[in-house]
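If you read the sequences in order, they're chains A and B.
Residue numbers for the first sequence follow the working numbering, beginning at 106 and rising by one.
Residue numbers for the second sequence follow the working numbering, beginning at 106 and rising by one.
There are 2 protein chains.
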Amino acid sequence: MSAVSLALNDRSGVSEDLRARVRQTAADLGYRPNTSAVALRTRRSRTIGLLIRNLSNPFFLDVIEGFETVCAGSGYALITASSHYDLRRETELMRTFIARGVDALALAPVGGSRAAGEWHRTTGRPTVLLNAARLGRALPVMRTHVDGVAAVEQAVGHLADLGHRRLALLSAPRRRSPDPERADTFLRVVAERRLSGRILETELTAAAAGPTLDAELARPRRSRATAVITNSDHLAHVVYAAAAGQGLRIPDDLSVVGHDDLPTSALLAPPLTTLAVDRRTIGVTAAGLLLDALADRPTATRDVSLPATLLVRGSTAPPPR
Amino acid sequence: MSAVSLALNDRSGVSEDLRARVRQTAADLGYRPNTSAVALRTRRSRTIGLLIRNLSNPFFLDVIEGFETVCAGSGYALITASSHYDLRRETELMRTFIARGVDALALAPVGGSRAAGEWHRTTGRPTVLLNAARLGRALPVMRTHVDGVAAVEQAVGHLADLGHRRLALLSAPRRRSPDPERADTFLRVVAERRLSGRILETELTAAAAGPTLDAELARPRRSRATAVITNSDHLAHVVYAAAAGQGLRIPDDLSVVGHDDLPTSALLAPPLTTLAVDRRTIGVTAAGLLLDALADRPTATRDVSLPATLLVRGSTAPPPR
DNA sequence: TGCTGGTACTCAAACGTTCTAGCAGCTCGG
DNA sequence: CCGAGCTGCTAGAACGTTTGAGTACCAGCA
Chain A
106 MSAVSLALND RSGVSEDLRA RVRQTAADLG YRPNTSAVAL RTRRSRTIGL LIRNLSNPFF
166 LDVIEGFETV CAGSGYALIT ASSHYDLRRE TELMRTFIAR GVDALALAPV GGSRAAGEWH
226 RTTGRPTVLL NAARLGRALP VMRTHVDGVA AVEQAVGHLA DLGHRRLALL SAPRRRSPDP
286 ERADTFLRVV AERRLSGRIL ETELTAAAAG PTLDAELARP RRSRATAVIT NSDHLAHVVY
346 AAAAGQGLRI PDDLSVVGHD DLPTSALLAP PLTTLAVDRR TIGVTAAGLL LDALADRPTA
406 TRDVSLPATL LVRGSTAPPP R
Chain B
106 MSAVSLALND RSGVSEDLRA RVRQTAADLG YRPNTSAVAL RTRRSRTIGL LIRNLSNPFF
166 LDVIEGFETV CAGSGYALIT ASSHYDLRRE TELMRTFIAR GVDALALAPV GGSRAAGEWH
226 RTTGRPTVLL NAARLGRALP VMRTHVDGVA AVEQAVGHLA DLGHRRLALL SAPRRRSPDP
286 ERADTFLRVV AERRLSGRIL ETELTAAAAG PTLDAELARP RRSRATAVIT NSDHLAHVVY
346 AAAAGQGLRI PDDLSVVGHD DLPTSALLAP PLTTLAVDRR TIGVTAAGLL LDALADRPTA
406 TRDVSLPATL LVRGSTAPPP R
């Protein structure tokens with residue numbers, strides 16, 4: 106049987122003649138090596154784990170699609186799981202990935218790099234963090250993320266140019282944020298431009314963000330923010346709903362800047378001004394990084410930063426007088 | 106070692122005392138059975154394959170989320186793959202699922218039940234078709250789908266009540282449609298109500314549907330359809346774009362009925378009238394069917410039909426005079 | 001006492017691959 | 001003409017688990 110293995114795996118030690126014959130009969134029999142046996146023997150499962158904090162977030166849809174396409178192209182299967190924004194579940198799922206012998210891990214973490222750390226410590230296998238620019242810098246993990254600094258700078262700049270003085274940033278709690286640098290940048294740029302800026306911390310779900318926004322929008326007119334920047338179009342939709350609930354019109358009473366440019370954001374009423382991101386590319390490059398590492402190909406960089414470009418549409422306007 | 110196996114797997118033939126001790130030391134050592142070895146020995150991988158025709162379709166996002174949640178709850182991992190609307194790729198991926206020893210398959214087929222048939226023939230393992238009401242009736246596979254007949258009846262009824270006389274249904278090519286019954290129903294109901302109805306066949310992608318729509322909307326005013334029914338909100342968005350391209354206003358010049366109620370459809374301008382579907386439940390029940398079959402639990406039905414309820418919003422109005 | 005039947009446990013085979021060691025047979029240099 | 005080194009192939013161990021066969025022990029019964 107060993108000659109067969111050598112023949113099929115393109116390894117030396119077998120004559121061209123035998124190789125061809127083995128190939129032929131394997132094809133005739135429709136032979137497919139048993140993946141479990143291969144995995145058991147080689148300790149490689151040709152499987153990549155994808156652990157997303159929120160599988161129902163449309164943002165990750167294209168990321169996953171790109172990721173899956175690249176993996177499938179190299180014969181890797183994708184095991185997808187969702188941590189449902191639950192740190193404990195994230196750790197638990199990461200451990201099942203270890204038990205399953207997953208070859209590499211792509212992680213959109215709930216917050217913190219604990220899971221990524223444990224994964225890397227116990228397996229030593231390639232890891233990529235999706236959209237977590239500042240996380241696990243001490244860890245030898247890779248990263249693909251959007252340049253949040255430039256993004257926030259663009260958003261604040263745009264709003265300031267329109268004349269806004271009181272801005273708010275809707276953001277995840279600092280300790281759990283996948284990209285705390287955004288909040289830092291927001292405060293820095295706001296200070297530089299001598300504006301007032303408040304950070305509205307909330308869990309990144311519609312259910313949690315709604316009340317937070319209601320509280321802000323219900324403030325007296327002279328202290329209420331006239332523009333809200335969000336870290337996702339997903340949340341921008343929530344802002345739309347909250348504004349409608351408070352009887353505020355967008356953009357007349359409130360300007361909104363989203364982030365991600367989800368396919369439907371252009372179709373909203375009004376069309377959402379947002380920071381467009383090539384989501385699919387995030388997935389594609391993440392998969393590329395992992396595959397390079399798995400194949401021991403030298404990789405140019407461990408940290409891919411993708412640009413966000415401001416798309417001015419209808420949800421931003423000068424503030425109400 | 107066998108006693109250990111018996112102890113950990115809750116099987117008889119081992120004393121309570123030993124079982125407890127084994128459990129304890131296993132926990133102390135952080136022991137996790139090697140999944141590949143178990144799979145090799147038992148021919149069960151505790152893995153379920155999910156093969157979607159289009160992973161970037163938001164419709165499947167919640168389906169996948171629900172499906173994954175249920176599977177994870179029972180210790181099954183999910184292997185996700187996208188066939189990209191390619192029949193050949195669908196078959197190929199299905200075969201890699203076989204080689205990987207996947208325990209069950211959930212399939213949102215490109216069209217036809219060839220892949221499902223081959224899967225079931227060679228593995229005999231549980232299968233569920235997602236959203237393919239009329240496919241593979243001869244096969245002993247399960248199905249979760251939306252009641253397309255009732256849905257189309259509601260849509261046509263609503264438009265007829267508004268006064269529309271010329272309707273169009275945007276649909277996949279008949280041979281490849283996951284639910285050809287919709288087209289049949291459309292023609293039947295239109296005939297019953299003495300309306301004129303045309304079926305616009307197109308691949309279910311934005312790129313393909315755009316031109317098809319342009320052709321229809323560019324027709325002379327008196328023969329052009331005044332209302333378009335689509336099989337997805339996804340396509341309804343495309344209709345919005347095509348209408349804008351032809352200078353037609355919705356709903357004044359053209360009424361549109363979607364299907365699915367994607368989260369953003371309510372936020373479109375105008376808000377989309379659509380047939381709401383509980384997508385997550387599709388995934389949840391599909392996973393339930395598979396898990397029941399895997400556990401040899403008797404299952405009440407092999408064919409779950411979920412209702413679609415018409416949500417009248419702003420994209421439908423009486424036809425232009 | 002001896003036999004039966006059950007319980008608790010141990011041994012070793014088996015799952016389907018990969019991989020190491022070994023064995024022929026051949027070539028080549030001395 | 002012999003040993004060293006290479007090539008092509010084979011036998012068998014190994015991966016980590018489950019499982020069927022086998023063994024030791026004990027209770028119950030005649």
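Note that beta-carbon positions come from the ideal geometry of N, C-alpha and C, so glycine has one too.
Model, not experiment: these values are computed from the prediction.
For residue i, which residues in the same chain have their Cβ closer than 6 Å to its Cβ, ignoring the five residues on either side in sequence?
i, result
"V215/A", "R158, S188, Y190, L192 and E195"
"H342/B", "none"
"D408/A", "R248"
"A277/B", "L309"
"A186/A", "L156 and L198"
Taking the alpha carbon of residue i as the reference point, which residue from the options has its own alpha carbon closest?
i, options, result
"V175/A", "R385/A, R426/A, R402/A and T404/A", "R385/A"
"L508/A", "R205/A, T404/A and G222/A", "Nothing can be reported for residue 508/A, as the shown portion of chain A is limited to 106 through 426."
"E258/A", "R287/A, Y136/A and H225/A", "R287/A"
"S328/A", "A371/A, R426/A and A381/A", "R426/A"
"T227/A", "A204/A, L240/A and R239/A", "A204/A"
"A142/A", "S282/B, G206/B and A186/B", "G206/B"
"Q351/A", "R324/A, R239/A and H225/A", "R324/A"
"D357/B", "P375/B, D365/B, H364/B and D366/B", "P375/B"
"G171/B", "A413/B, D383/B, E197/B and G229/B", "D383/B"
"R298/A", "D266/A, S117/A, A314/A and A311/A", "D266/A"
"T317/A", "R326/A, A237/A, A256/A and L340/A", "L340/A"
"A349/A", "A347/B, A371/B, A349/B and Y345/B", "A371/B"
Would you give the residue range spanned by the alpha helix (DSSP H) that residue i belongs to?
i, result
"A182/A", "Looking at the DSSP string, A182/A is not in any alpha helix (DSSP H); the run it does join, the beta strand (DSSP E), is A182 to S187."
"H263/B", "G253 to L267"
"S110/B", "S107 to L113"
"S410/A", "S410/A -> not in any alpha helix (DSSP H); beta strand (DSSP E) instead, spanning D408 to L411."
"I169/A", "P163 to G178"
"L340/A", "D338 to G350"
"I203/A", "L192 to A204"
"A131/B", "E121 to L134"
Could you check the C-alpha separation between residue i and residue j for me, to the nearest Å?
i, j, result
"L305/B", "A422/A", "40 Å"
"A132/B", "R124/B", "12 Å"
"D319/A", "R128/B", "51 Å"
"S161/A", "L166/B", "6 Å"
"P138/B", "D401/B", "24 Å"
"T369/B", "D338/B", "9 Å"
"R279/A", "R219/A", "16 Å"
"L411/B", "T307/B", "25 Å"
"D366/B", "L380/B", "6 Å"
"R293/B", "P285/B", "13 Å"
"R151/B", "G229/B", "16 Å"
"S120/A", "A182/A", "32 Å"
"I355/B", "H364/B", "17 Å"
"D115/A", "G180/A", "16 Å"
"L345/B", "E173/A", "A small correction: the amino acid at residue 345/B is Tyr; Leu does not occupy that position in the sequence shown. Y345/B and E173/A: Cα-Cα distance of roughly 30 Å."
Which residues in the same chain as residue i place their Cβ atom closer than 8 Å to its Cβ, once the five residues preceding and following it in sequence are excluded?
i, result
"H263/B", "V362, T378, L415, V417 and T421"
"A273/B", "G302, R303, I304, L305, E321, A330, A332, V333 and I334"
"R270/A", "L300, S301, T331 and P424"
"F202/A", "G154, L156, I184, A186, L210 and W224"
"G268/B", "P423 and P424"
Tell me where the beta strand (DSSP E) around residue i begins and ends.
i, result
"R385/A", "Premise fails: R385/A lies in the alpha helix (DSSP H), R384 to L399, not in any beta strand (DSSP E)."
"H364/A", "S360 to D365"
"L156/A", "T152 to I157"
"R271/B", "R271 to S276"
"E306/A", "S301 to E306"
"T232/B", "T232 to L235"
"V333/B", "A332 to T335"
"T378/A", "T378 to A381"
"T317/A", "Counting along the chain, T317/A falls outside any beta strand (DSSP E), though it belongs to the alpha helix (DSSP H) covering A311 to L322."
"A209/A", "A209 to A213"
"T414/A", "T414 to L416"
Give every residue of the same chain whose Cβ lies closer than 7 Å to the Cβ of residue i, excluding the five residues on either side of it in the sequence, and list them in chain order.
i, result
"T404/B", "L394, D397 and A398"
"R242/A", "none"
"V246/B", "A221, H225, T232, V233 and L234"
"L353/B", "L322 and L359"
At a cut-off of 7 Å, is residue i close to the ligand NAP when judged by its beta-carbon and the heavy atoms of the ligand?
i, result
"L198/A", "Although the ligand NAP was asked about, the structure shown includes no ligands whatsoever."
Fill in: Meets three-Cβ-pair contact criterion under 8 Å: the segment 222–238 of chain B and the segment 381–400 of chain B
yes
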